[in-house]
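Colleague:
Residue numbers (the working numbering): 4 to 313.
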């Protein structure tokens, strides 16, 4: 089953939309904030790339010749819908917290709706930008800093800031989310520090080559302006079958969730990073519909034969 879901997501990222079933639909944010022209470059504002190297930061520079074949297909057409029928409906629409780490949640909701500071190159496994454009690793490999892209936006148009990193870490360390594996992982770090609006730092408690990976590319961020009013218990209750706003290329609207039946993931036309070379040729389907038919393999097979499942 894991392999099937992985194939679906791989097709989504690189595939083209053939005949459209649902047509293209724009998903505009509620409020788009203006560009921040006040934060100086050395504090992570626009112009940071000119001073980054002098401050000890590094990044991965896109090369069309080197990377163009590995981050989607330029010939892929955007549009259409892909339908998938699963034997289960998610026990929750959350990924973080009790009952959240199901394969279906991880390969669809978590992968498509939320983003980490960095991701890894699919071939070289080098770190490449995602929410953060640059990163710093101290000589002793114990302290990490990240510069968040000032263009990064939540679905509701709010900017992504260092506060979101702190809020996400705080949530994962909250024992009332009833998912102790997160406390095991993220207790390896001290509480992150806001260095500026767009620069956040964190210090590891012990040296381990996995530490940077855990913090940079495994922790997908959630918004501070949502989490600030919630403890772990309230988070579990409020977002059992409602989706926390993300920054990713797809959105799940509450009205598109039919509990125990189906949910629809829609591509955001105004996704903040849609022109970023690392993502511009990925995430091509307009809609993904995931339906649940429980305990009836024969019916799922019949629907596949009828074309109700791709």
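Glycine included, every Cβ here is placed at the ideal spot set by N, Cα and C.
When the Cα atoms are used, what is the spatial distance from residue 123 to residue 217?
Modeller: Here residue 123 refers to the residue found at position 120 of the chain shown. Here residue 217 refers to the residue found at position 214 of the chain shown. Cα to Cα, the separation comes out at about 12 Å.
Colleague: To the nearest angstrom, how far is it from the Cα of residue 181 to the Cα of residue 190?
Modeller: To locate residue 181, count along the chain shown from 1; it is residue 178. To locate residue 190, count along the chain shown from 1; it is residue 187. Those two C-alpha atoms are separated by around 15 Å.
Colleague: Could you check what DSSP says for residue 203 in three-state terms: helix, strand or coil?
Modeller: Position 200 of the chain shown, counting from 1, holds the residue named residue 203. In this structure, residue 203 counts as strand in the three-state DSSP scheme.
Colleague: So, using beta-carbon positions, are residue 112 and residue 255 closer together than 8 Å?
Modeller: Position 109 of the chain shown, counted from the first residue, corresponds to residue 112. Position 252 of the chain shown, counted from the first residue, corresponds to residue 255. The answer is yes: Cβ separation under 8 Å.
Colleague: Under DSSP, the alpha helix (DSSP H) around residue 171 begins and ends at which residues?
Modeller: The residue you call residue 171 lines up with position 168 of the chain shown. Where residue 171 is concerned, the enclosing alpha helix (DSSP H) stretches over 165-175.
Colleague: Have a look at the DSSP bridge pairing and note the partners of residue 292.
Modeller: Against the chain shown, residue 292 aligns to sequence position 289. Residue 292 pairs with 86, 267.
Colleague: Where does the unbroken alpha helix (DSSP H) through residue 188 begin, and where does it stop?
Modeller: What you label residue 188 is simply residue 185 of the chain shown in a count that begins at 1. Element bounds for residue 188: 183-189.
Colleague: With DSSP run on the structure shown, which of helix, strand or coil describes residue 282?
Modeller: Within the chain shown, the letter at position 279 stands for residue 282. It is coil, neither helix nor strand.
Colleague: For my contact list, residue 253 and residue 115 are in at a C-beta cut-off of 8 Å; report their separation, rounded to the angstrom.
Modeller: Locating residue 253 in the chain shown gives position 250, where the first residue counts as 1. Locating residue 115 in the chain shown gives position 112, where the first residue counts as 1. Contact holds; Cβ gap of about 4 Å.
Colleague: So does the region 80-88 actually touch the region 293-307, counting three or more Cβ pairs closer than 8 Å?
Modeller: Flag = yes, the region 80-88 and the region 293-307 touch.
Colleague: Pick from 238, 65, 303, 110: whose alpha carbon is nearest that of residue 281?
Modeller: On the chain shown, residue 281 is found 278 positions in, with the first residue counted as 1. Closest by alpha carbon: 65.
Colleague: If we count the other Cβ atoms within 10 Å of its Cβ and call it buried at 16 or more, is residue 246 buried or exposed?
Modeller: Indexing the chain shown from 1 puts residue 246 at position 243. The residue is buried, with at least 16 neighbouring Cβ atoms inside 10 Å.
Colleague: Enumerate in chain order the residues of its own chain whose CB-to-CB distance from residue 107 is below 8 Å, with the five nearest sequence positions on each side excluded.
Modeller: Here residue 107 is taken as the residue at index 104 of the chain shown, counted from 1. Within the same chain, and ignoring the five residues on either side of residue 107 in sequence, the residues whose Cβ sits closer than 8 Å to its Cβ are 8, 89, 91, 93, 293.
Colleague: Using the C-alpha atoms, what's the distance from residue 299 back to residue 161?
Modeller: Taking the first residue of the chain shown as position 1, residue 161 is located at position 158. Taking the first residue of the chain shown as position 1, residue 299 is located at position 296. Spanning the two alpha carbons is a distance of roughly 43 Å.
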